[in-house]
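Note sheet for the following structure.
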Amino acid sequence: MAETKLQVSNLNKIFSGKTKKDPDVTALRDISLSIGEAEFVVMVGPSGCGKSTLLNIIGGLETATSGSVTIEGREVTGPGADRGMVFQGYSLFPWLTVRKNVEFGLKMQGVDAGTRAKAAQEYLRLVGLEGFENALPNQLSGGMKQRVAIARTLAARPEVLLMDEPFGALDAQTRVVMQELLARVSRETKNTILFITHDIDEAILLANRIYVMSRRPGTVRAVLEVKIEGERNHNILINPEFLKLKKKIMDMLWQESQDAAMDR
Amino acid sequence: MTEESKREKVRISRRHMAYRTMSVISFCAILALWCIATYGGMVNKIFMPSPTQVIQTTVEMARDGSLWMNCWMSVKRVMVGWFWSAVVALPMGMVMARSKAFSAIIQPIIEFARYLPVVALVPLTILYLGIDETQKYVIIWLGTFFQLVLMVCDTVSSVDKNMINAARTLGASRWQVYKEVIFPASLPGLMDDFRLTIGWAWTYLVVAEMVAASNGLGYIILKSQRFLATDVIFSGLITIGIIGLITDFTVKLLTSVIVPWHERLGD
Numbered sequence: 001m002a003e004t005k006l007q008v009s010n011l012n013k014i015f016s017g018k019t020k021k022d023p024d025v026t027a028l029r030d031i032s033l034s035i036g037e038a039e040f041v042v043m044v045g046p047s048g049c050g051k052s053t054l055l056n057i058i059g060g061l062e063t064a065t066s067g068s069v070t071i072e073g074r075e076v077t078g079p080g081a082d083r084g085m086v087f088q089g090y091s092l093f094p095w096l097t098v099r100k101n102v103e104f105g106l107k108m109q110g111v112d113a114g115t116r117a118k119a120a121q122e123y124l125r126l127v128g129l130e131g132f133e134n135a136l137p138n139q140l141s142g143g144m145k146q147r148v149a150i151a152r153t154l155a156a157r158p159e160v161l162l163m164d165e166p167f168g169a170l171d172a173q174t175r176v177v178m179q180e181l182l183a184r185v186s187r188e189t190k191n192t193i194l195f196i197t198h199d200i201d202e203a204i205l206l207a208n209r210i211y212v213m214s215r216r217p218g219t220v221r222a223v224l225e226v227k228i229e230g231e232r233n234h235n236i237l238i239n240p241e242f243l244k245l246k247k248k249i250m251d252m253l254w255q256e257s258q259d260a261a262m263d264r
Numbered sequence: 001m002t003e004e005s006k007r008e009k010v011r012i013s014r015r016h017m018a019y020r021t022m023s024v025i026s027f028c029a030i031l032a033l034w035c036i037a038t039y040g041g042m043v044n045k046i047f048m049p050s051p052t053q054v055i056q057t058t059v060e061m062a063r064d065g066s067l068w069m070n071c072w073m074s075v076k077r078v079m080v081g082w083f084w085s086a087v088v089a090l091p092m093g094m095v096m097a098r099s100k101a102f103s104a105i106i107q108p109i110i111e112f113a114r115y116l117p118v119v120a121l122v123p124l125t126i127l128y129l130g131i132d133e134t135q136k137y138v139i140i141w142l143g144t145f146f147q148l149v150l151m152v153c154d155t156v157s158s159v160d161k162n163m164i165n166a167a168r169t170l171g172a173s174r175w176q177v178y179k180e181v182i183f184p185a186s187l188p189g190l191m192d193d194f195r196l197t198i199g200w201a202w203t204y205l206v207v208a209e210m211v212a213a214s215n216g217l218g219y220i221i222l223k224s225q226r227f228l229a230t231d232v233i234f235s236g237l238i239t240i241g242i243i244g245l246i247t248d249f250t251v252k253l254l255t256s257v258i259v260p261w262h263e264r265l266g267d
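What follows is the structure, encoded as structure tokens:
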């Protein structure tokens, strides 16, 4: 594996009950993972398994109860531009044009206007949005909004890209287009990416490595390497290697849901 | 422009037309009732003057300049009193929305003060400040400030958390988050808060002018009661209403200039 970029060690997250009567809820238990330079890692797990919480902790938006998160050896203590996040709800700034949205991170970092404009142009080209520089977010479709959000995050030059079910709100066709776009972009930019989803197809299509999570309390149930040759696009959805892996993950998640049903 | 969006535009402009027509009709209905009641001789002229009388009186007051002078005094008092309440409420509400500690210190005081009827504070303001202009500003300030702080706080609190999180993971400092995200994101809501509180400021203006003033629209309304000059009262009331409509329209226009990106539902 390449040089370690992101390291999560023995991470636990317990939400304590609001009153003394409410029980504490363990959301994440003993999570450890490490992601190498330019790796595309996908975490797949049932909803409510704490994967968004994990991503928020890595992003510095929430704090862990115990354990540590390091980026290139530096301990994470709060949010920062070294960990760019892309959310399901786009979170674009509706008062800024597409170009200004993409420039936002660089502006916050004090980069001059000329360099910012050039970077915005470059990343908008990368996500296929040339010609929309002066549009406002409200004038764009969901897929286009998410392209802007991806360009905005990439333009801030993060060490690691954290993506929280970014295509969850899109229709099926747009989702495939966006998955192919992201696969291409990640190959071109050589970004290190941690991506969260509950869509198994999406996980295999995008990942070099997949972490399968258990239901709550979230633990890492299995780590699977994805070794499918050739370009990552919708064609691999019928690749035998793909189907074998999909069956394996489905079985694991099915087992999880069975166990969950037994608990009730 | 596509055929579909053209049709949508037509639909929207038709809806606007319908809206305006209905507004005009409701206004005319009230006017008609007033005409019937007065010209039809159904009410005593002393209690309800006819539209002709009110128009005559208003024209007279406009000619001798007293209408403009009183309008100006009232508008000035509203603007100054409201301006200072906005200037203090805006930063205070913004900090309150984002800082638990500050909120804990300030909120109970404001909630308490908000329930004090401004009318009950008039005697104190006169004792402390006399009856000059400052006292009028303070009455309007007291009437609008405590409400406005809470409204600002509410508006700022409702800014999408994800937008703030996005900004922070893009490297924005706390101050930058305020300046570049929270403030612009709150602007549409803040403009609404401003529009509402300016309206309330007029209520408190009349309170201030009815107690200790020698000019202003509230003052001439009160003075006219003593002389049974209902035509002047009506003229004063209608003038306040018209100024209110103009203010509302101006703030709405200003809003569409300041926050053109903001689309209201139902508009």
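As given, the protein sequences belong to chains Y and W, one line each in that order. Each residue of the first sequence is one higher than the one before, counting from 1 in my numbering. Each residue of the second sequence is one higher than the one before, counting from 1 in my numbering. Here a beta-carbon is modelled for each residue, glycine too, at the ideal position from N, C-alpha and C.
Residue j beta carbon less than 8 angstroms from that of residue i
{"i": "residue 49 of chain W", "j": "residue 230 of chain W", "result": "yes"}
{"i": "residue 175 of chain Y", "j": "residue 46 of chain Y", "result": "no"}
{"i": "residue 243 of chain W", "j": "residue 75 of chain W", "result": "yes"}
{"i": "residue 87 of chain Y", "j": "residue 186 of chain Y", "result": "no"}
{"i": "residue 57 of chain Y", "j": "residue 13 of chain Y", "result": "yes"}
{"i": "residue 202 of chain Y", "j": "residue 173 of chain Y", "result": "no"}
{"i": "residue 133 of chain Y", "j": "residue 124 of chain Y", "result": "yes"}
{"i": "residue 118 of chain W", "j": "residue 204 of chain W", "result": "yes"}
{"i": "residue 8 of chain Y", "j": "residue 32 of chain Y", "result": "yes"}
{"i": "residue 87 of chain W", "j": "residue 188 of chain W", "result": "no"}
{"i": "residue 185 of chain W", "j": "residue 82 of chain W", "result": "no"}
Through-space distance from residue j to residue i, alpha-carbon basis
{"i": "residue 219 of chain Y", "j": "residue 164 of chain W", "result": "29 angstroms"}
{"i": "residue 204 of chain Y", "j": "residue 102 of chain Y", "result": "29 angstroms"}
{"i": "residue 228 of chain W", "j": "residue 5 of chain W", "result": "58 angstroms"}
{"i": "residue 51 of chain Y", "j": "residue 140 of chain Y", "result": "29 angstroms"}
{"i": "residue 182 of chain Y", "j": "residue 188 of chain Y", "result": "10 angstroms"}
{"i": "residue 200 of chain Y", "j": "residue 156 of chain W", "result": "39 angstroms"}
{"i": "residue 161 of chain Y", "j": "residue 146 of chain Y", "result": "14 angstroms"}
{"i": "residue 104 of chain W", "j": "residue 71 of chain W", "result": "41 angstroms"}
{"i": "residue 126 of chain W", "j": "residue 11 of chain W", "result": "56 angstroms"}
{"i": "residue 162 of chain W", "j": "residue 100 of chain W", "result": "19 angstroms"}
{"i": "residue 152 of chain W", "j": "residue 139 of chain W", "result": "20 angstroms"}
{"i": "residue 242 of chain Y", "j": "residue 167 of chain Y", "result": "20 angstroms"}
{"i": "residue 44 of chain W", "j": "residue 38 of chain W", "result": "8 angstroms"}
{"i": "residue 106 of chain W", "j": "residue 148 of chain W", "result": "14 angstroms"}
{"i": "residue 77 of chain W", "j": "residue 109 of chain W", "result": "26 angstroms"}
{"i": "residue 92 of chain Y", "j": "residue 49 of chain Y", "result": "27 angstroms"}
{"i": "residue 265 of chain Y", "j": "residue 105 of chain Y", "result": "Outside the modelled stretch of chain Y, which goes from 1 to 264, sits residue 265 of chain Y, for which no answer is possible."}
{"i": "residue 17 of chain W", "j": "residue 8 of chain W", "result": "14 angstroms"}
Within chain Y, the residues that residue i reaches when beta carbons sit closer than 7 angstroms
{"i": "residue 261 of chain W", "result": "94, 95, 136, 138"}
{"i": "residue 184 of chain W", "result": "95"}
{"i": "residue 176 of chain W", "result": "108"}
Residue i, buried or exposed, once every other Cβ within 10 Å from all chains shown has been counted against 16
{"i": "residue 265 of chain W", "result": "Low confidence applies here, because residue 265 of chain W scores a pLDDT of 43, under 50, leaving its location unreliable; read the following figure in that light. With fewer than 16 Cβ atoms within 10 Å of its Cβ, residue 265 of chain W is classed as exposed."}
{"i": "residue 254 of chain Y", "result": "exposed"}
{"i": "residue 207 of chain Y", "result": "buried"}
{"i": "residue 43 of chain Y", "result": "buried"}
{"i": "residue 25 of chain Y", "result": "exposed"}
{"i": "residue 132 of chain W", "result": "exposed"}
{"i": "residue 236 of chain W", "result": "buried"}
{"i": "residue 13 of chain W", "result": "exposed"}
{"i": "residue 26 of chain W", "result": "exposed"}
{"i": "residue 16 of chain Y", "result": "exposed"}
{"i": "residue 256 of chain Y", "result": "buried"}
{"i": "residue 284 of chain Y", "result": "Past the edges of chain Y, shown from 1 to 264, lies residue 284 of chain Y, and the structure says nothing about it."}
{"i": "residue 144 of chain W", "result": "buried"}
{"i": "residue 69 of chain W", "result": "exposed"}
Under 8 angstroms by beta carbon: chain W residues contacting residue i
{"i": "residue 79 of chain Y", "result": "165, 168, 169"}
{"i": "residue 85 of chain Y", "result": "165, 166, 169"}
{"i": "residue 61 of chain Y", "result": "165, 168, 169"}
Residues that residue i contacts on chain Y, provided the C-beta gap is smaller than 8 angstroms
{"i": "residue 181 of chain W", "result": "93"}
Neighbouring residues, chain Y, relative to residue i (Cβ below 9 angstroms)
{"i": "residue 160 of chain W", "result": "89, 91"}
Residues that residue i contacts on chain W, provided the C-beta gap is smaller than 7 angstroms
{"i": "residue 104 of chain Y", "result": "170"}
{"i": "residue 109 of chain Y", "result": "171"}
Cross-chain neighbours of residue i in chain W, by beta carbon under 9 angstroms
{"i": "residue 230 of chain Y", "result": "None at all; the shortest Cβ gap to chain W is about 33 angstroms."}
{"i": "residue 156 of chain Y", "result": "169, 170, 171"}
Any non-hydrogen atom of the ligand GDP within 7 angstroms of residue i CB
{"i": "residue 155 of chain W", "result": "Absent from the structure shown: the ligand GDP. Ligands present: none."}
Can you list, in chain order, the stretches of the alpha helix (DSSP H) that have 4 or more residues and sit fully within the segment 93 to 175 of chain Y?
Fully enclosed alpha helix (DSSP H) runs of no fewer than 4 residues occupy 98 to 108, 113 to 126, 142 to 155 of the segment 93 to 175 of chain Y, in order along the chain.
Alpha helix (DSSP H) segments (min. 4 residues) lying fully within the segment 12 to 85 of chain Y
If we require 4 residues or more, the alpha helix (DSSP H) runs fully inside the segment 12 to 85 of chain Y come out as 51 to 59.
Could you give the uninterrupted runs of the beta strand (DSSP E) lying entirely in the segment 90 to 159 of chain W, keeping only those of 3 residues or more?
Within the segment 90 to 159 of chain W, no run of beta strand (DSSP E) at least 3 residues long lies entirely inside it.
Within the segment 4 to 82 of chain W, ranges of the alpha helix (DSSP H) (whole runs, at least 4 residues)
Within the segment 4 to 82 of chain W, the alpha helix (DSSP H) runs of at least 4 residues that lie entirely inside it are, in chain order, 51 to 63.
If you scan the segment 220 to 248 of chain Y from start to end, which runs of the beta strand (DSSP E) of 3 or more residues do you find wholly inside it?
If we require 3 residues or more, the beta strand (DSSP E) runs fully inside the segment 220 to 248 of chain Y come out as 220 to 225.
Hey, which unbroken runs of the alpha helix (DSSP H) at 4 residues or more fall wholly within the segment 162 to 226 of chain W?
Qualifying alpha helix (DSSP H) stretches, in chain order: 183 to 211, 217 to 226.
Please give the ranges of any alpha helix (DSSP H) in the segment 179 to 215 of chain Y, keeping only runs that are unbroken, at least 4 residues long and fully inside the region.
If only uninterrupted alpha helix (DSSP H) runs of at least 4 residues are considered, those enclosed by the segment 179 to 215 of chain Y are 200 to 206.
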